[in-house]
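Each remark here refers to the structure printed beneath this line.
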Amino acid sequence: MIRVDNVVKTFGGFHAVDGASLEIAQGSITGLIGPNGAGKTTLFNVIAGVLQPTSGKVTMMGEDITGLPPHDLFHKGLLRTFQIAHEFGSMTCRENLMMVPSGQSGETLWNTWFGRKRIADEERALKAKADEVLEFLTIEHLADHPAGAVSGGQKKLLELGRTMMVDAKIVFLDEVGAGVNRTLLYTISDTIKRLNEERGYTFVVIEHDMDFIERLCDPVICMAEGKVLAEGTLAEIKANEQVIEAYLGT
Ligand code: ADP
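Each residue of the sequence shown is one higher than the one before, counting from 1 in UniProt numbering.
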């Protein structure tokens, strides 16, 4: 689904990503691991259009998407979530979901004057969709709560919910488990699994929690010093000498 071909990203003279190549299979939940500073986040940002690569190529379903801005990738179904959930705190959880799809009729002045019915119909459909998403996430009881007041883990679920409002095809998750308690971590990993199995989402996950990776990811790709070191099941990766050396070296 995604092919990364010899991607380099430098900052000044420093090679944060140094000729990384990898493939993400459609329908997989691929884990991206590696010691701090390996270049995982930078590579994510290059694939998701947040950063321009210095060189190299990224394709999605055979189409060159190198350097496309995030909003173009969003329309192709490629989404990236961030380590810090970006909710709008004073709006309710439902409203946070309802505002995700772009190009709503209510956004233009003409429609607010003359298209009242269309706006009302659209809002009804969006509300129904948001409620369906909240139910899938098993947080329907939070629909009318301000998003700023829910727990860190629930914010992460909401972040996953935002990807469902636009029917994403591939989602890049950056440390979705960071700072979340075990129980919620399992809820989050179960939700990712259900999105993968029931809705056909492909996921790429950066995560330090090996338990989380083990429950969820196959294959696992390990990066170090800007390059891909190894790919395989977590057991294979853990037994790989280059990987062990890379982790011990930090
Ligand atoms: P990881 O996600 O694997 O921990 P990063 O992609 O965040 O690694 O960082 C890879 C390397 O690139 C690190 O040494 C980091 O300090 C450096 N780096 C990342 N972003 C920048 C930036 N904007 N400017 C300069 N150096 C950066």
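Cβ atoms here follow ideal geometry from the backbone N, Cα and C, with glycine treated the same way.
DSSP places MET1 outside both helix and strand once states are collapsed to three, so it counts as coil. The three-state reading of DSSP puts GLU207 in coil, since its state is none of H, G, I, E or B.
In this structure the segment 68-81 does not touch the segment 11-31; the number of beta carbon pairs closer than 8 Å is below three. Look at GLY77: its beta carbon is at least 7 Å from all of the heavy atoms in the ligand ADP. In the three-state reduction of the DSSP assignment, HIS75 falls in the helix class. Cα atoms of TYR247 and GLU241: separation of roughly 10 Å, rounded to the nearest angstrom. Among the bridge pairs identified by DSSP, VAL7 is matched with ALA20. Annotated as distal: LEU216 and MET223, with beta-carbon spacing of 8 Å or more. According to the DSSP secondary-structure assignment, ARG80 is paired through a beta bridge with PHE172. Between the C-alpha atoms of GLU63 and ILE188 there is a straight-line separation of about 31 Å. Per DSSP, the beta bridge partners of GLY31 are VAL205, VAL220. Sixteen is the threshold: since fewer than 16 other Cβ atoms of the shown chains lie within 10 Å of the Cβ of ILE244, the residue is exposed.
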